[in-house]
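Just below is one structure, and these are the notes that go with it.
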Amino acid sequence: MKRTIIGLLSVIIASNVVWGWLYLNKVNEQPNHGSSTTANKAVQMYELNGTGDLWDVSDYKIIITPNQIQRGHASLTFKGDPRSITDSNYYKLDIQEKDPEGNYSKMLSHVATSHDGPITILNNDNLKNIGYVTSDYAYDELKKDRQNYASTFLRVTWNDNDGKLHSEDIYLTIENEITLE
22 MKRTIIGLLS VIIASNVVWG WLYLNKVNEQ PNHGSSTTAN KAVQMYELNG TGDLWDVSDY
82 KIIITPNQIQ RGHASLTFKG DPRSITDSNY YKLDIQEKDP EGNYSKMLSH VATSHDGPIT
142 ILNNDNLKNI GYVTSDYAYD ELKKDRQNYA STFLRVTWND NDGKLHSEDI YLTIENEITL
202 E
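Just so we're aligned, residue 22 is where the sequence shown starts under my numbering, counting upward by one.
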């Protein structure tokens, strides 16, 4: 019995050593994306909210990991008269943020349209969670800092029951921030 326990413990220890060696080698093999204040050392999460005249945006997240960035998961709330858009057949969401040179770039986009009837904007699940995009670091991504992310805005474009096109920019502010070293 004692021999069996020692054998099992030896196998477990050897297994842990092998897995630890594989993990450390995998971490060391990750590409170096350059130097930055956020570069490949910490996981950061920003949660942004914003309010406009007719729309509110809540819980937009930017999650930065050592080798990827994810944006999205926000929800939208329409504050206008819901009857004004019950027969709408088009809406578009564009999320943009400033790059290190101060120019705005589109980060996420979603369009819904219908030719045979309304798209029922207010009952659309895409407004409860606008979706998200996850990607490897883009060129100059690691040069971005908190101020770049704080410059994010969401543009909502929709048409009303009469087919008139409307657009509103909702500027987002960082409400919560978490950094894990």
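Glycine included, C-beta positions come from ideal geometry on N, C-alpha and C.
query: When the Cα atoms are used, what is the spatial distance from E118 to H94?
result: Your numbering for residue 118 matches position 97 in the sequence shown. Your numbering for residue 94 matches position 73 in the sequence shown. Looking at the backbone, the Cα of E118 and that of H94 are separated by about 16 Å.
message: Taking the beta strand (DSSP E) that Y67 belongs to, which residues open and close that run?
response: Here residue 67 corresponds to residue number 46 of the sequence shown, with the count starting at 1. Here the beta strand (DSSP E) through Y67 covers 64–72.
Presumed contact (8 Å Cβ cut-off) between E173 and Y112, rounded CB distance: By 1-based counting over the sequence shown, the position of residue 173 is 152. By 1-based counting over the sequence shown, the position of residue 112 is 91. Sequence inspection shows Thr at residue 173; the Glu mentioned does not correspond to that position. That pair is no contact at about 19 Å.
message: Does L129 come out as helix, strand or coil in the three-state DSSP assignment?
response: What you label residue 129 is simply residue 108 of the sequence shown in a count that begins at 1. Correct three-state label for L129: strand.
message: Spatial neighbours of V78 within its chain, please: C-beta separation below 7 Å, excluding the five flanking residues on both sides.
response: For the purposes of this step, residue 78 is taken as residue 57 along the sequence shown, with counting starting at 1. Hits under 7 Å: N70, G71, A95, L97, L175, I191, L193.
- request: Following the continuous alpha helix (DSSP H) through R167, name the residue where it begins and the one where it ends.
  value: Here residue 167 refers to the residue found at position 146 of the sequence shown. R167 -> alpha helix (DSSP H) spans 167–171.
- prompt: How many Å lie between Q91 and M128 at the Cα?
  reply: Counted from its first residue, the sequence shown places residue 91 at position 70. Counted from its first residue, the sequence shown places residue 128 at position 107. So the alpha carbons of these two residues sit roughly 10 Å apart.
query: Relative to the alpha-carbon of N182, which residue among S130, D161, T107, L143 has its alpha-carbon at the smallest distance?
result: The residue given as residue 182 occupies position 161 in the sequence shown. Considering only alpha carbons, the answer is T107.
task: Could you tell me whether the Cβ atoms of S109 and P87 are closer together than 8 Å?
output: The residue labelled residue 109 in the question sits at position 88 within the sequence shown. The residue labelled residue 87 in the question sits at position 66 within the sequence shown. Cβ distance not < 8 Å, so S109 and P87 don't count as in contact.
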